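Protein chains in written order, with this note's numbering: chain A, 1 to 271; chain B, 1 to 235.
Right, one structure below, let's go through it.
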Amino acid sequence: MAKVLVVTSGKGGVGKTTSTAALGAALAQTGKKVAVIDFDVGLRNLDLVMGAERRVVFDLINVTQGVAKLQQALIRDKRVDTLFLLPASQTRDKDALTEEGVAAVIAELREKFDYVICDSPAGIERGAQLAMRFADEAVIVTNPEVSSVRDSDRIIGLLDSKTLRAEQGNSVTKHILVTRYDAARAARGEMLSIDDVLDILSTPLLGIIPESEGVLRSSNVGSPVTLNEPTNAAARAYVDAAKRLLGQDVPLVLPVDKRRFFDRLFGRRAA
Amino acid sequence: MNSADTVQKKSIRFRARSFVAFALAPEAPLGEWLRGLDRWTENSPGFFTGRPVLLDLNILKPTASEIAALVSQLAERGIRVYAIEANGIDTLGPNLPPLLRGSKPAQTDEGKSKSASPSEARKPAEASSLIIQTPIRSGQSIFHPDGDVIVLGSVGSGSEIIAAGSIHVYGTLRGRAFAGANGNAQARIFCRKNEAELLAVDGWYRTADDMEPTSRGRPVQSFLENGVLWVTALD
């Protein structure tokens with residue numbers, strides 16, 4: 001039985017799609033069978049970041065409406081053969097998604113996969129709410145800045161009220177993934193500190209992904225950073241985060257500015 | 001910090017209020033209507049003195065110049081027009097009273113008390129506390145019209161708590177808190193760390209900008225005293 005994960009944030013541009021691809025690939029590389037679903041109907045991106053845009057035939061909407069079978073819409077990754085993509089439709093909008101349709105697709109994916117990762121659209125409207133609706137766990141992607149943190153707080157409120165698990169009296173397990181963490185700017189006090197972020201959100205930390213040109217470079221060539229540049233600091237941070245999702249105890253080290261490495265080296269355990 | 005350190009300035013108070021006014025509805029022909037008004041005021045001199053009078057022009061539908069003439073004719077009779085109600089007219093000249101919209105017929109107090117059953121009215125309101133054990137997230141609104149609200153976690157930026165009684169926050173208060181919202185000047189707000197966007201007691205409020213910087217990030221209480229909303233440190 002699969003675990004359903006939603007990658008969400010409220011705010012746009014913080015790295016949901018990049019994180020979905022990187023975490024999905026890292027989990028699949030451990031041998032788990034992983035499906036990533038793009039819920040951003042009308043503004044799909046995950047196919048590009050995964051490098052599958054030229055192989056899309058059917059999409060999520062086709063499957064929810066019964067036009068295509070799930071097997072026809074799932075795209076197997078060319079690099080990791082346990083990784084699959086269910087793309088969004090680019091020509092429709094979020095109103096084309098129905099709760100019943102999404103429920104049926106998620107239920108079918110649960111049978112076949114170990115992890116189902118839902119890439120949520122930005123915002124708190126229908127698309128975002130359907131992406132989180134059936135989640136067991138949530139990865140809340142946050143940049144260390146006030147607007148992103150407040151939006152994440154809002155999303156946590158929705159995860160605690162609008163998901164099926166919340167309505168049944170259970171709770172969605174929540175993780176904070178801090179992305180675009182710039183060690184040099186953090187050292188100068190120009191960003192919110194990790195402690196501030198965690199204090200405001202009072203939710204356990206899954207990982208800290210350092211700002212890296214490699215992430216953008218990988219997105220542009222259509223490959224998750226964890227596959228494209230496995231030695232990159234951001235890729236290693238994603239791999240560690242994926243291990244923590246699997247329940248492994250991996251020590252969490254705050255990314256540091258290399259120039260001041262010895263002054264600023266201090267470790268942190270995942271909460 | 002003692003209370004002398006807090007700013008002595010009064011906060012500005014905004015409240016929506018409704019008042020009862022007389023609506024005069026002139027009818028054509030205007031000359032006859034004005035003579036009728038004169039007869040009425042002859043019998044009851046001073047009836048309109050100091051009373052708010054609205055001009056309801058929905059029957060007469062005059063032009064702008066006619067409105068100006070009518071307002072001055074009423075002024076000659078000692079009737080000051082506070083506002084004008086006229087559907088279909090969007091703007092009036094600056095020399096004329098402002099336009100009003102959304103009027104309702106007045107309801108007298110007798111009518112209200114008859115509708116409420118006496119047993120219901122006498123039943124004392126039971127004060128009960130609402131205890132919230134989880135953090136309050138951005139966008140959430142907690143409304144408790146019966147008593148105190150006690151929050152064990154933090155109150156996020158962009159959230160709000162509205163309570164008839166006092167508000168106690170044992171985490172950081174980053175959102176907005178309205179205590180004594182139904183008109184209780186004795187209500188207070190307590191929090192362990194004050195990062196509030198707004199604190200209000202009985203309609204008197206103070207925004208983060210109006211709070212002295214020394215109260216930020218500290219345990220504080222906020223209360224009303226002589227019409228001033230105080231925000232003072234607890235330690």
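Just so you know, even glycine gets a beta-carbon here, dropped at the ideal spot from N, CA and C.
Quantities reported herein were computed from a predicted structural model and do not represent experimental measurements.
Next item on the list: Compare the C-beta of residue 145(B) against all C-beta atoms of chain A and say whether one is closer than 7 angstroms.
Entry: no
Check: What is the rounded straight-line gap between the Cα of residue 127(A) and the Cα of residue 71(B)?
Finding: 57 angstroms
Margin query: Give me the subset of the stretch 170–192 of chain B whose CB atoms are less than 9 angstroms from a CB atom of chain A, sorted by chain position.
Written below: 171, 172 and 174
Notebook entry, point to check: So, is residue 129(A) buried or exposed, given that buried needs 16 or more other C-beta atoms within 10 angstroms?
Noted result: buried
Check: Are the stretch 167–185 of chain B and the stretch 139–150 of chain B in contact at 8 angstroms, needing three or more beta carbon pairs?
Finding: yes
Check: How is residue 36(B) classed by DSSP in three states: helix, strand or coil?
Finding: DSSP places residue 36(B) in helix when its eight states are reduced to three.
Checklist line | At least 3 beta-carbon pairs within less than 8 angstroms: the stretch 210–217 of chain A vs the stretch 239–251 of chain A | finding: Contact between the stretch 210–217 of chain A and the stretch 239–251 of chain A is absent, with fewer than three C-beta pairs closer than 8 angstroms.
Check: So, are the CB atoms of residue 224(B) and residue 194(B) less than 7 angstroms apart?
Finding: no
Notebook entry, point to check: Are the CB atoms of residue 224(A) and residue 25(A) nearer to each other than 7 angstroms?
Noted result: yes
Notebook entry, point to check: Ordered along the chain, which non-local residues of its own chain (more than five positions away) have a Cβ less than 8 angstroms from that of residue 206(A)?
Noted result: 139, 175, 176, 177, 241, 244, 245 and 270
Check: Between 85(A), 27(A), 123(A) and 69(A), which lies nearest to residue 54(A) when the distance is taken from Cα to Cα?
Finding: Distances from the alpha-carbon of residue 54(A) to those of 85(A), 27(A), 123(A) and 69(A) put 85(A) closest.
Notebook entry, point to check: Hey, quick one: how far does the beta strand (DSSP E) through residue 221(B) stretch, first residue to last?
Noted result: 220–225
Margin query: Along the chain, where does the beta strand (DSSP E) containing residue 3(A) start, and where does it finish?
Written below: 3–8
Next item on the list: If I'm right that residue 8(A) touches residue 49(A) with Cβ under 8 angstroms, what's the distance once you round it to whole angstroms?
Entry: Not really, about 16 angstroms apart at Cβ, beyond 8 angstroms.
Check: Across which residues does DSSP place residue 210(A) in a beta bridge pair?
Finding: 181(A)
Margin query: Applying the 10 Å Cβ sphere with the 16-neighbour rule, what's the burial state of residue 11(A)?
Written below: With at least 16 other beta carbons inside 10 angstroms of its own, residue 11(A) counts as buried.
Checklist line | Cross-strand partners of residue 141(B) (DSSP beta bridge) | finding: 160(B)
Notebook entry, point to check: Relative to the C-alpha of residue 35(B), which residue among 64(B), 232(B) and 73(B) is closest?
Noted result: Residue 35(B) has its Cα closest to that of 73(B), out of 64(B), 232(B) and 73(B).
Notebook entry, point to check: Can you name the residues that DSSP bridges to residue 193(B)?
Noted result: 172(B)
Checklist line | DSSP-derived helix/strand/coil call for residue 115(B) | finding: No answer about residue 115(B) holds up, because its pLDDT of 41 lies below 50 and its placement is not dependable.
Notebook entry, point to check: Cβ of residue 47(A) within 7 angstroms of Cβ of residue 56(A)?
Noted result: yes
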